[in-house]
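If you read the sequences in order, they're chains U and C.
Going by the working numbering, the first sequence opens with residue 1384, and the numbers climb by one from there.
Going by the working numbering, the second sequence opens with residue 101, and the numbers climb by one from there.
Here is the structure we will look at.
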Amino acid sequence: MTKAFSIFGSSSRPQLGPFEQQVLQELWSHGSATVRELLADGKIHQAYTTVMTTMDRLYKKGLLERVAEGRAFRYTPRHTPEELQRNTALESIRQLLGSGEASRLPLSYLVEALSTHDAQLLDELQLLVERKRREIQSRKIKAGDAVTREPRDRERR
Amino acid sequence: MFALRGIAVSLTFFVLLYCLLSGLVVISWRWLKWLRATKQSLAGLLFVLRVFPLVASVVITFAFVVPSFQLLEPRSIDEGMGAMPLALGLCALLLIAYGCFRVVAAQTTTTRVVARWLEGAHPLNVDARTVTFRSRREAPPLTLVGMRKPRVLVSESTIALLSHDELQIALKHELEHVRSRDNLKKLLFRFCPFPGMARLESAWSQAAELAADDAAVSNLDDAVDLAAALVKLSRLVPVEAAPVCTVGFVTGSISARVTRLLAWDEAAKAHSTKIRAWYAIPPALVALSCVFATYGPALALTHEMTEWLVR
Chain U
1384 MTKAFSIFGS
1394 SSRPQLGPFE
1404 QQVLQELWSH
1414 GSATVRELLA
1424 DGKIHQAYTT
1434 VMTTMDRLYK
1444 KGLLERVAEG
1454 RAFRYTPRHT
1464 PEELQRNTAL
1474 ESIRQLLGSG
1484 EASRLPLSYL
1494 VEALSTHDAQ
1504 LLDELQLLVE
1514 RKRREIQSRK
1524 IKAGDAVTRE
1534 PRDRERR
Chain C
101 MFALRGIAVS
111 LTFFVLLYCL
121 LSGLVVISWR
131 WLKWLRATKQ
141 SLAGLLFVLR
151 VFPLVASVVI
161 TFAFVVPSFQ
171 LLEPRSIDEG
181 MGAMPLALGL
191 CALLLIAYGC
201 FRVVAAQTTT
211 TRVVARWLEG
221 AHPLNVDART
231 VTFRSRREAP
241 PLTLVGMRKP
251 RVLVSESTIA
261 LLSHDELQIA
271 LKHELEHVRS
281 RDNLKKLLFR
291 FCPFPGMARL
301 ESAWSQAAEL
311 AADDAAVSNL
321 DDAVDLAAAL
331 VKLSRLVPVE
341 AAPVCTVGFV
351 TGSISARVTR
361 LLAWDEAAKA
371 HSTKIRAWYA
381 IPPALVALSC
391 VFATYGPALA
401 LTHEMTEWLV
411 R
């Protein structure tokens, strides 16, 4: 998610500071919350007014929705982390491709980056498969040992 | 004039109903992801949902609109027809023509590309239902082609790359696609175009892959072999995009499929609900009895609606 925020910062959309990111993360884990509820959780060590101002700023940036609840507001994230990441990525790609006449060059970088990423991902998956194979193999060997040991134990008895 | 009016009214009703139902499907299909059903059932449900607007519109048009017009519309009067039914009727004809064009285009492209892939290929294994071909190195790694006579194409690179067990399980996966007639389903999707359906089709494609994985795998060894085959074949870069009426082995989210296969658990699989086709029989019988019981009034109501449409 941190990656999404950093890309988010470079796009035309509003940039998020570290505290804004923390508040958004907390709201994602709560689903929805008032300022008091966030503070009561004990994970945010800031003054009430600071949190209130930050949430208001996030609301104005279009990242939160709010409904009045008594004298306060209840805030809900407008996007899920995945949606935000998706929007951020799309926005960045759009910016990259719309960067004038030389848009072919960034596109080639993108393809290169994707190919490298794909190869890395496949390497990781390959490792997972091999690890699982070794696990199965050792489980089979253990089971085989247990089977051969059992008659010997019986004979000894 | 009477017949022409009947056709225009029927087509208008068809296109309106088709668009309405398709719109509802586009909005509502995502709720299915909350269903804890087997991937096979999920793929089946997504397919039914995708073709539901077309099937329902055709059935309702032929079961209600055409008979109501034939029976209740007086032939003697020379009633005029507004521009709206004519325009919508034309839209319906265009929609049908566009669907037919997409089907023919998909079929033609597939035939052309498959013929090229089959150049220099020779049969590896002849089954009662399928023939497996060993294709050239440049052909896609592992692909199912054809509908009436399904053929599985295995490239030389695939044979060189996979172990015996991996190849067998990968072939089994492709044969599951033959059993579920996925190529035919893809062609059917081409016949019923509607904006916003691409995501549903993509979800169906992913569910169909997972369903074929589930059906092919019967123990953890198989699951790991299939995962290994997926990772190995993903490294073979496809020369060109596969045409519509083919099912490639390396399709959908590879990491999701591999992770799922490595966490393969028979017990967890048994816990998910399998929705069988016969579950649809009781509601269908109830719906049919309702139709029989209220057919007269339903025809009258349909006629009123068509009258309103014509004006």
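Ideal Cβ placement from N, Cα and C applies to all residues, glycine included.
Which residues in the same chain have their Cβ closer than 6 Å to the Cβ of C/Ser122, if we skip the five residues on either side of it in sequence?
Translated into positions along the second sequence, residue 122 of chain C becomes position 22. Within the same chain, C/Ser122 has close Cβ partners Pro153, Phe294.
Which residues of the region 319-331 of chain C have a Cβ closer than 7 Å to any Cβ of chain U? Give them in chain order.
The residues in question are Leu320, Asp321, Val324, Ala327, Ala328, Val331.
Any C-beta of chain U under 8 Å from that of C/Val358:
In the second sequence, residue 358 of chain C corresponds to position 258, counting from 1. For C/Val358, the nearest CB of chain U lies under 8 Å from its own CB, placing it at the interface with that chain.
List the residues of chain D that U/Ile1519 touches, going by C-beta distances under 7 Å, in chain order.
Among the protein chains in the structure shown, which are U and C, there is no chain D.
Spell out the partners DSSP gives U/Leu1414 in its beta bridges.
Start at 1 with the first residue of the first sequence, and residue 1414 of chain U comes out as number 31. Per the sequence presented here, residue 1414 of chain U reads as Gly, with Leu not at that position. U/Gly1414 pairs with nothing; no bridge assigned.
Can you tell me whether U/Pro1401 is buried or exposed? The criterion is at least 16 other CB atoms within 10 Å of its CB, across all chains shown.
By 1-based counting over the first sequence, the position of residue 1401 of chain U is 18. Here U/Pro1401 is exposed: its Cβ has fewer than 16 other Cβ atoms, across all protein chains shown, within 10 Å.
Which of helix, strand or coil DSSP assigns to C/Ala341
Taking the second sequence and counting its residues from 1, one reaches residue 341 of chain C at position 241. Note: C/Ala341 maps to coil in three-state DSSP.
Can the beta-carbon of C/Arg236 be found closer than 8 Å to that of C/Ser255?
Position 136 of the second sequence, counted from the first residue, corresponds to residue 236 of chain C. Position 155 of the second sequence, counted from the first residue, corresponds to residue 255 of chain C. Contact: yes.
Is C/Val334 close to chain U? Criterion is C-beta to C-beta, closer than 8 Å.
Taking the second sequence and counting its residues from 1, one reaches residue 334 of chain C at position 234. A small correction: the amino acid at residue 334 of chain C is Ser; Val does not occupy that position in the sequence shown. It does: the Cβ of C/Ser334 has a partner Cβ on chain U nearer than 8 Å.
Measure how close the beta-carbons of U/Met1438 and U/Leu1447 come, nearest whole angstrom, since I'm counting them as under 8 Å.
Within the first sequence, the letter at position 55 stands for residue 1438 of chain U. Within the first sequence, the letter at position 64 stands for residue 1447 of chain U. Cβ atoms of U/Met1438 and U/Leu1447 come within 8 Å of each other, at about 6 Å.
Kindly indicate the opening and closing residues of the beta strand (DSSP E) around C/Thr80.
With chain C running from 101 to 411 in the structure shown, residue 80 of chain C is simply not present.
So that I know if they touch, is there some Cβ in chain U lying closer than 8 Å to that of C/Ser355?
Counting from one through the second sequence, the residue named residue 355 of chain C turns up at place 255. Interface flag for C/Ser355 against chain U is set, since a Cβ pair is found closer than 8 Å.
Supposed close pair C/Trp325, C/Ala308 - CB separation, criterion 8 Å:
Locating residue 325 of chain C in the second sequence gives position 225, counting from the first residue. Locating residue 308 of chain C in the second sequence gives position 208, counting from the first residue. This sequence places Asp at residue 325 of chain C; Trp is not what is there. That belief does not hold up - the Cβ atoms of C/Asp325 and C/Ala308 are roughly 20 Å apart, past 8 Å.
Please name the residue or residues paired with U/Glu1452 in a DSSP beta bridge.
Your numbering for residue 1452 of chain U matches position 69 in the first sequence. Looking at the DSSP output, U/Glu1452 sits in a beta bridge with U/Ala1455.
Given C/Leu409 as reference, the closest of C/Lys249, C/Leu267, C/Leu111 once Cα atoms are compared:
Position 309 of the second sequence holds residue 409 of chain C. Checking every option, the nearest Cα to that of C/Leu409 belongs to C/Leu111.
For a minimum of 4 consecutive residues, which ranges assigned as the alpha helix (DSSP H) are wholly contained in the region 128-183 of chain C?
When DSSP assignments are scanned along the region 128-183 of chain C, the uninterrupted stretches of alpha helix (DSSP H) that are 4 or more residues long and fall wholly within it turn out to be 139-160, 166-172.
Looking at the unbroken beta strand (DSSP E) that takes in U/Arg1440, where does it start and where does it end?
For the purposes of this step, residue 1440 of chain U is taken as residue 57 along the first sequence, with counting starting at 1. Secondary structure note for U/Arg1440: it is in no beta strand (DSSP E), and the uninterrupted alpha helix (DSSP H) holding it is 1431-1443.
How far does the beta strand (DSSP E) with C/Glu346 in it reach, from first residue to last?
The count along the second sequence starts at 1 and reaches residue 346 of chain C at position 246. Reading the sequence as shown, one finds Thr at residue 346 of chain C and not Glu. Counting along the chain, the beta strand (DSSP E) containing C/Thr346 begins and ends at 346-348.
From the DSSP output, read off the bridge partner residues of C/Arg251.
Within the second sequence, residue 251 of chain C is the residue found at index 151, counting from 1. Beta-bridge annotation (DSSP): C/Arg251 is paired with C/Val231, C/Val245.
What residues in its chain sit with their C-beta under 7 Å from that of U/Lys1426, if we drop five residues either side in the sequence?
Position 43 of the first sequence, counted from the start, is the residue given in the question as residue 1426 of chain U. These residues qualify, in order along the chain: Glu1409.
To the nearest angstrom, how far is it from the Cα of U/Gly1392 to the Cα of U/Ser1475?
Position 9 of the first sequence, counting from 1, holds the residue named residue 1392 of chain U. Position 92 of the first sequence, counting from 1, holds the residue named residue 1475 of chain U. Residue confidence for U/Gly1392 is low, a pLDDT of 42 falling below 50, so the modelled location carries little weight and cannot support an answer.
Measuring straight from C-alpha to C-alpha, what distance separates C/Leu271 and C/Leu262?
As a first step, residue 271 of chain C is located in the second sequence; it is residue number 171 there, counting from the start. As a first step, residue 262 of chain C is located in the second sequence; it is residue number 162 there, counting from the start. The C-alpha of C/Leu271 lies about 11 Å from the C-alpha of C/Leu262.
Below 8 Å, can you find three or more Cβ-Cβ pairs linking the region 119-135 of chain C to the region 358-367 of chain C?
Touching, no.
From the DSSP output, in three-state form, read off U/His1462 for me.
The residue given as residue 1462 of chain U occupies position 79 in the first sequence. Note: U/His1462 maps to coil in three-state DSSP.
Which word fits C/Val331, buried or exposed, when buried means at least 16 other C-beta atoms lie within 10 angstroms of its C-beta?
Reading the second sequence from its first residue, position 231 is the one you call residue 331 of chain C. Around the beta carbon of C/Val331, 16 or more other beta carbons lie within 10 angstroms, which makes this residue buried.
Can you give me the Cβ contacts of C/Pro343 inside the same chain, cut-off strictly under 6 Å, excluding the 5 residues immediately before and after it?
Here residue 343 of chain C is taken as the residue at index 243 of the second sequence, counted from 1. Within the same chain, Cβ atoms closer than 6 Å to the Cβ of C/Pro343 are found at Thr209, Thr210, Val213, the five residues on either side in sequence being excluded.
Chain U residues whose Cβ lies nearer than 9 Å to that of C/Leu401
If you number the second sequence from 1, residue 401 of chain C lands on position 301. Neighbourhood of C/Leu401 in chain U, by CB distance below 9 Å: empty, with the nearest CB roughly 42 Å away.
Could you check if C/Pro250 is buried or exposed, using at least 16 other CB atoms within 10 Å of its CB as the buried criterion?
By 1-based counting over the second sequence, the position of residue 250 of chain C is 150. Counting Cβ neighbours within 10 Å, C/Pro250 comes out buried, since at least 16 surround it.
In chain C, what lies closer than 8 Å to U/Val1512 by C-beta?
Sequence index remark: in the first sequence, residue 1512 of chain U carries index 129 (1-based). Residues of chain C with a Cβ closer than 8 Å to the Cβ of U/Val1512 are, in chain order, Val324, Ala327, Ala328, Val331, Val358, Leu362.
What do you get for U/Lys1386, buried or exposed, if any count of 16 or more other CB atoms within 10 angstroms of its CB means buried?
Locating residue 1386 of chain U in the first sequence gives position 3, counting from the first residue. The pLDDT assigned to U/Lys1386 is 42, lower than 50, so where the model puts this residue is not dependable, and the model offers no usable value.
Would U/Gly1527 pass as an interface residue toward chain C - the criterion being a Cβ-Cβ separation below 8 Å?
For this step, residue 1527 of chain U is matched to residue 144 along the first sequence. So no, U/Gly1527 is outside the interface.
Determine, using beta carbons only, whether U/Gln1509 comes closer than 8 Å to chain C.
Working through the first sequence from its first residue, we reach residue 1509 of chain U at position 126. By this cut-off, U/Gln1509 is an interface position.
Reduced DSSP secondary structure (H/G/I, E/B, other) of C/Leu224
By one-based count along the second sequence, residue 224 of chain C stands at place 124. DSSP, read as helix, strand or coil, puts C/Leu224 in strand.
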